[in-house]
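Mapping of the sequence shown onto numbering that gives the first Met the number 0: position 101 corresponds to residue 100, and the numbering continues sequentially without gaps.
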Amino acid sequence: MKPESKSPPKTESFGAGKFLDYIKASTGQPQGSRIEVSVGKMSRAENRALSKEIKSKIESVTKNSGIWALCALEEVRKISLSLAGRELLTEQIREIAEPKIGPAPNDGRAWGGVIRKAVKLGYLVGDGRWSPAKTSHGGPKVLWTLSGLDEGAFMTDAQKERARRFIKMNLSRADAR
Numbered sequence: 000m001k002p003e004s005k006s007p008p009k010t011e012s013f014g015a016g017k018f019l020d021y022i023k024a025s026t027g028q029p030q031g032s033r034i035e036v037s038v039g040k041m042s043r044a045e046n047r048a049l050s051k052e053i054k055s056k057i058e059s060v061t062k063n064s065g066i067w068a069l070c071a072l073e074e075v076r077k078i079s080l081s082l083a084g085r086e087l088l089t090e091q092i093r094e095i096a097e098p099k100i101g102p103a104p105n106d107g108r109a110w111g112g113v114i115r116k117a118v119k120l121g122y123l124v125g126d127g128r129w130s131p132a133k134t135s136h137g138g139p140k141v142l143w144t145l146s147g148l149d150e151g152a153f154m155t156d157a158q159k160e161r162a163r164r165f166i167k168m169n170l171s172r173a174d175a176r
């Protein structure tokens with residue numbers, strides 16, 4: 000006699016389309032319409048205004064991230080000059096630079112591009128050595144040697160002025176929080 004196999008209870012699987020239809024039906028929205036989610040008791044006009052505000056904030060961060068990267072690279076150059084010969088992790092360089100330039104844009108990769116450019120310009124040298132990092136549970140990270148090379152400021156005067164305004168604005172926002 001064969002033992003009875005217990006099959007799991009049947010559940011309805013939802014594909015993306017079925018799931019969206021289910022959400023629309025449960026919120027009383029007509030099929031084929033865009034899903035609109037409201038925060039609290041908001042009218043459609045308030046909801047649209049909030050969406051536009053969020054979109055403009057995202058565009059602002061995206062537009063300013065290039066300026067931030069230039070400021071960060073300039074700060075890495077200054078750190079390399081002032082601490083020539085020392086060995087630091089990226090997170091240590093970041094800890095020194097961020098009070099002067101403000102926090103990075105909301106992109107986890109923001110410092111990666113800055114560090115790669117600094118290596119390319121010769122401000123940082125990696126010789127294959129590693130060190131545990133505080134921010135990643137002691138995981139091994141590249142130990143950079145600060146070269147102290149100064150190829151001159153790579154920013155034009157107009158870029159420097161724009162960067163100064165950006166840093167001032169960014170730091171005042173951070174203080175307001």
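Quick reminder that beta carbons are idealized off the backbone N, C-alpha and C, glycines included.
The structure presented is a predicted model; accordingly, all values stated were derived computationally and were not measured.
- Judged by DSSP in its simplified three-state form, proline 98 adopts helix.
- Between leucine 142 and glutamate 86, the C-beta gap is smaller than 7 angstroms, which places the two residues in contact.
- Contact between the stretch 64-83 and the stretch 131-146 is present: 3 or more CB-CB pairs across the two stretches fall below 8 angstroms.
- In the DSSP assignment, proline 139 is bridged to Pro131.
- The beta carbon of aspartate 149 is closer than 6 angstroms to those of Leu80 in its chain, skipping five residues each way along the sequence.
- Taking every protein chain shown into account, the CB of isoleucine 100 has 16 or more other CB atoms within 10 angstroms, so this residue is buried.
- Taking the Cα positions, lysine 51 is about 45 angstroms away from tryptophan 129.
- One alpha carbon belongs to isoleucine 92, the other to arginine 161, and they sit about 23 angstroms apart.
- Boundaries of the alpha helix (DSSP H) around leucine 120: 109-120.
- With contacts defined as CB atoms closer than 7 angstroms, alanine 96 and glutamate 74 qualify as a contacting pair.
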